[in-house]
């Protein structure tokens with residue numbers, strides 16, 4: 009609050025998160041989880057406030073809302089909307105699993121060898137077995153070959169491929185029948201795509 013008084017809207021290119029956190033959820037469906045101990049600035053916009061007492065969690069939302077109501081503050085900036093999120097449209101040629109003349113897609117620990125690139129998925133904790141990593145590698149290639157054209161967004165392509173898998177099974181996107189693949193959600197595939205260093209957008 010003190011910083012808002014010092015730096016006015018016309019001078020500050022960075023908008024405080026507290027002023028955009030509700031529009032982010034209401035306009036784009038993106039939830040935010042915050043762990044903090046030094047600010048009650050977010051009480052007013054929070055759906056749920058959890059307090060740790062001797063390392064045990066307690067729901068104190070009502071108490072936090074009461075505190076916020078006693079000290080109501082209007083948003084610092086005039087525009088209450090979050091704004092548009094730019095659509096990401098991959099160029100298919102930037103998703104290439106070929107190494108020389110051969111396609112190379114291999115799962116190694118929590119990494120995928122994808123052509124000349126290595127995709128590190130160690131931070132994607134939802135992935136628990138190599139069969140999932142193998143599927144992701146082939147799914148990326150299928151997306152590049154069948155869905156990405158420089159106009160289709162990542163969200164649209166993943167939804168189309170997910171519908172195809174639900175209708176015809178995993179074999180619809182795999183080069184051959186095998187028990188070495190395991191189902192993953194579109195979110196894990198997107199996480200891998202975002203970690204592919206060769207990815208370029210149209």
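Numbering (this note's numbering), first residue to last: 9 to 210. Glycine included, C-beta positions come from ideal geometry on N, C-alpha and C.
- Task: Count the other C-beta atoms from every protein chain shown that fall within 10 angstroms of the C-beta of residue 66, then say buried if there are 16 or more, exposed otherwise.
- Result: Position 58 of the chain shown holds residue 66. When all chains shown are included, residue 66 counts as exposed.
- To which residues does DSSP link residue 125 through a beta bridge? What you label residue 125 is simply residue 117 of the chain shown in a count that begins at 1. 122, per the DSSP bridge assignment.
- Query: Would DSSP call residue 66 helix, strand or coil?
  - Reply: Here the question's residue 66 lines up with position 58 in the chain shown. If DSSP states are grouped into helix, strand and coil, residue 66 belongs with the strands.
- Exposed or buried, what is residue 64 when buried is set at 16 or more other beta-carbons lying within 10 Å of its beta-carbon? Counting from one through the chain shown, the residue named residue 64 turns up at place 56. Exposed, by the Cβ-count rule.
- Message: I'd like to know whether the C-beta atoms of residue 115 and residue 142 end up nearer to each other than 9 Å.
- Response: The sequence position of residue 115 within the chain shown is 107, counting from 1. The sequence position of residue 142 within the chain shown is 134, counting from 1. Against a cut-off of 9 Å, the Cβ pair of residue 142 and residue 115 comes out as a contact.
- Take residue 78 as the anchor and find which of 152, 52, 202, 210 has the nearest alpha-carbon. Start at 1 with the first residue of the chain shown, and residue 78 comes out as number 70. The shortest C-alpha to C-alpha distance from residue 78 to any of 152, 52, 202, 210 is the one to 52.
- Item | Cβ pair residue 119, residue 112 closer than 9 Å | In the chain shown, residue 119 corresponds to position 111, counting from 1. In the chain shown, residue 112 corresponds to position 104, counting from 1. No.
- Item | Own chain residues within Cβ distance below 6 Å of residue 56, not counting five before or after | Stepping through the chain shown from its first residue, residue 56 is reached at position 48. 69, listed in sequence order.
- Just mark residue 89 as buried or exposed, buried being the case when its beta carbon has 16 or more other beta carbons within 10 Å. Within the chain shown, the letter at position 81 stands for residue 89. Result: exposed.
- Query: With C-beta atoms as the reference, is residue 58 less than 9 Å away from residue 40?
  - Reply: If you number the chain shown from 1, residue 58 lands on position 50. If you number the chain shown from 1, residue 40 lands on position 32. No, the Cβ-Cβ distance between residue 58 and residue 40 is not below 9 Å.
- Message: Please identify the residue among 161, 42, 50 whose C-alpha is closest to the C-alpha of residue 27.
- Response: Taking the first residue of the chain shown as position 1, residue 27 is located at position 19. That would be 50, whose Cα lies nearest to the Cα of residue 27.
- Query: How many Å lie between residue 91 and residue 201 at the Cα?
  - Reply: Position 83 of the chain shown, counted from the start, is the residue given in the question as residue 91. Position 193 of the chain shown, counted from the start, is the residue given in the question as residue 201. The alpha-carbon atoms of residue 91 and residue 201 are separated by roughly 25 Å.
- Is the Cβ-Cβ distance between residue 197 and residue 147 less than 9 Å? One-based indexing of the chain shown puts residue 197 at position 189. One-based indexing of the chain shown puts residue 147 at position 139. Against a cut-off of 9 Å, the Cβ pair of residue 147 and residue 197 comes out as a contact.
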